[in-house]
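These notes concern the structure reproduced below.
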Amino acid sequence: MDDLKTIVELSHEFGTPNYVKGGGGNTSVKNETTLWVKPSGTTLGGLTEETFVTLNRTKVNELFEVETPAESAAREELVKNFMAEAVENEAGRPSVEAPLHNILDTRFVVHTHPFLVNGLTCAKGGEASAKEMFPDALWVEYIDAGYTLSVELKGRIEQYTLDRGKGPEVILLKNHGVFVAADTAEKIRSLYAEVMDALKLEYEKAGIKDTLEITDAVPDPKTEEQIRKVFGDDAQHVVSCGTFTCVPGPITPDHLVYSRAFPFTGELTKEAAAKYKAKHGFAPKVVVGSNRVFGIGTTPNNAELALELAQDGAQVMQLA
Numbered sequence: 451m452d453d454l455k456t457i458v459e460l461s462h463e464f465g466t467p468n469y470v471k472g473g474g475g476n477t478s479v480k481n482e483t484t485l486w487v488k489p490s491g492t493t494l495g496g497l498t499e500e501t502f503v504t505l506n507r508t509k510v511n512e513l514f515e516v517e518t519p520a521e522s523a524a525r526e527e528l529v530k531n532f533m534a535e536a537v538e539n540e541a542g543r544p545s546v547e548a549p550l551h552n553i554l555d556t557r558f559v560v561h562t563h564p565f566l567v568n569g570l571t572c573a574k575g576g577e578a579s580a581k582e583m584f585p586d587a588l589w590v591e592y593i594d595a596g597y598t599l600s601v602e603l604k605g606r607i608e609q610y611t612l613d614r615g616k617g618p619e620v621i622l623l624k625n626h627g628v629f630v631a632a633d634t635a636e637k638i639r640s641l642y643a644e645v646m647d648a649l650k651l652e653y654e655k656a657g658i659k660d661t662l663e664i665t666d667a668v669p670d671p672k673t674e675e676q677i678r679k680v681f682g683d684d685a686q687h688v689v690s691c692g693t694f695t696c697v698p699g700p701i702t703p704d705h706l707v708y709s710r711a712f713p714f715t716g717e718l719t720k721e722a723a724a725k726y727k728a729k730h731g732f733a734p735k736v737v738v739g740s741n742r743v744f745g746i747g748t749t750p751n752n753a754e755l756a757l758e759l760a761q762d763g764a765q766v767m768q769l770a
């Protein structure tokens with residue numbers, strides 16, 4: 451199927467660090483009866499034609515008619531089970547945002563989390579700026595990814611379509627990212643180029659750099675060893691770079707998932723580590739030292755992603 455080949459190409463093209471980090475973002479292609487969507491737990495850059503989850507579109511749309519529990523965990527569990535019944539192949543579990551892909555009335559959908567875009571979506575006054583820069587885009591306040599976001603967007607998209615005679619091509623999600631929807635790959639590319647180029651120009655006009663400044667610093671093996679002693683199994687792997695200004699709290703879902711959003715800035719003692727865990731309910735993923743910032747994790751990939759997302763968060767806040 452040529453469309454599957456095309457969505458793989460788009461996934462790889464927009465699966466680069468300028469658009470997503472880790473397993474962030476998702477893509478899809480659809481016809482009248484079937485939706486092919488990125489599976490959960492995969493990366494855009496690693497997708498092949500065989501890895502896309504195949505869903506029955508009619509079954510997915512029935513989800514919006516189901517009465518769901520008010521409690522979020524119970525609701526998402528029901529939705530997960532319902533979505534599993536819509537799956538028609540053995541490619542895995544569909545992205546939590548699959549229902550949203552299904553209701554967008556275009557062949558292709560590419561959802562990413564570019565730091566250039568999130569410099570806008572995370573900014574104070576971001577909505578006003580977005581409406582001025584992208585008057586045809588749909589702006590949506592922050593809602594947790596999943597069923598609740600899909601339900602809210604279904605109503606917003608229907609109203610947008612009534613008002614304008616067609617569905618939105620660009621959807622900006624506060625503290626999250628962007629959805630781009632179109633019937634051709636060329637249109638997907640041109641819409642992304644318009645958004646990214648406009649943002650680059652706006653930051654340039656404001657005198658804001660879109661690159662993160664990281665200070666030079668020599669490796670610090672003594673601090674790395676102390677981190678391993680203090681955090682134990684949570685710091686089996688440690689990576690680091692020079693210093694930059696870490697974001698003190700959560701700004702997007704990716705930062706919560708990969709870098710835990712709250713960097714450890716205290717003294718490297720077991721007492722301070724215990725106090726951090728008691729406050730937040732988990733161990734840190736990012737440790738700020740005197741001359742380096744450290745990403746820690748149970749695997750090399752986890753540690754690298756923690757540091758990468760800490761840098762991404764710093765870039766976003768620099769732009770915002």
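Each residue of the sequence shown is one higher than the one before, starting from 451 at the first, in our numbering. Note that the Cβ used here is the ideal one computed from N, Cα and C, for glycine as well.
Status (buried if at least 16 other CB within 10 Å, exposed otherwise) for residue i
i	result
Ile658	exposed
Asn476	buried
Pro772	This structure gives no information on residue 772, because the portion of the chain shown stretches from 451 to 770.
Asn751	exposed
Asp552	Just to set this straight, residue 552 is Asn in the shown sequence, not Asp. Counting Cβ neighbours within 10 Å, Asn552 comes out buried, since at least 16 surround it.
Asp666	exposed
Pro618	buried
Glu527	exposed
Asp586	exposed
Integer-rounded CB distance, given that residue j should sit under 8 Å from residue i
i	j	result
Asp620	Val645	The displayed chain sequence assigns Val, not Asp, to residue 620. Yes, Val620 and Val645 are in contact; Cβ-Cβ is about 6 Å, under 8 Å.
Ser579	Leu588	Rounded, the Cβ-Cβ distance is 15 Å, inconsistent with contact.
Phe514	Val601	7 Å
Cys572	Asn625	5 Å
Arg710	Phe732	6 Å
Thr504	Val537	7 Å
Tyr597	Arg525	6 Å
Thr562	Ala632	The Cβ separation is near 14 Å, so there is no contact.
Val736	Phe714	7 Å
Leu755	Lys471	7 Å
First through last residue of the beta strand (DSSP E) which encompasses residue i
i	result
Arg606	No beta strand (DSSP E) contains Arg606, which is instead part of the alpha helix (DSSP H) from Tyr597 to Arg614.
Lys480	Asn476 to Lys480
His561	Phe558 to Thr562
Phe629	Gly627 to Ala632
Ile621	Val620 to Leu623
Leu755	Element bounds for Leu755: not the beta strand (DSSP E) but the alpha helix (DSSP H), Pro750 to Leu769.
Gly506	Checking the displayed sequence, the identity of residue 506 turns out to be Asn instead of Gly. From DSSP, the beta strand (DSSP E) with Asn506 extends over Val503 to Asn506.
Leu494	No beta strand (DSSP E) holds Leu494; DSSP gives it neither H nor E.
Leu550	It is not in any beta strand (DSSP E) - Leu550 instead sits in the alpha helix (DSSP H) that spans Ala548 to Ile553.
Val420	What is shown of the chain runs 451 to 770, which leaves residue 420 out entirely.
Val487	Thr484 to Val487
Endpoints, the alpha helix (DSSP H) within which residue i is located
i	result
Arg525	Ser522 to Ala536
Phe744	Not the alpha helix (DSSP H): Phe744 falls in the beta strand (DSSP E), residues Arg742 to Gly747.
Thr456	Asp452 to Glu463
Leu649	Ala635 to Lys655
Val567	Phe565 to Thr571
Tyr592	First-last for Tyr592: undefined, no H or E at that position.
Gly729	In the sequence as displayed, the identity of residue 729 is Lys instead of Gly. Run containing Lys729: Lys720 to His730, per the alpha helix (DSSP H) assignment.
Same chain, Cβ closer than 6 Å to residue i, neighbours up to 5 away in sequence not counted
i	result
Ala548	Val487
Leu550	Ser600 and Leu603
Ala760	Cys696, Ser709 and Val736
Thr456	Ala635
Other residues of its chain near residue i: CB distance less than 8 Å, five sequence neighbours each side excluded
i	result
Ala541	Pro489, Glu500, Thr501, Phe502, Val503 and Thr504
Ala595	Val546, Glu547, His626 and Pro703
Gly491	Gly473, Gly542 and Arg543
Proximal residues to residue i (C-beta, below 7 Å), its chain only, five neighbours per side dropped
i	result
Cys691	Ile664, Arg742, Val743 and Leu757
Leu460	Thr477, Phe558, Val560, Ala635 and Ile638
Lys581	Trp589
Ala753	His687, Val688, Val689, Gly745, Ile746 and Gly747
List in chain order: all unbroken beta strand (DSSP E) runs of 3+ residues lying wholly within the stretch 661-711.
Counting only unbroken stretches of 3 or more residues, the beta strand (DSSP E) elements lying wholly within the stretch 661-711 are 687-692, in sequence order.
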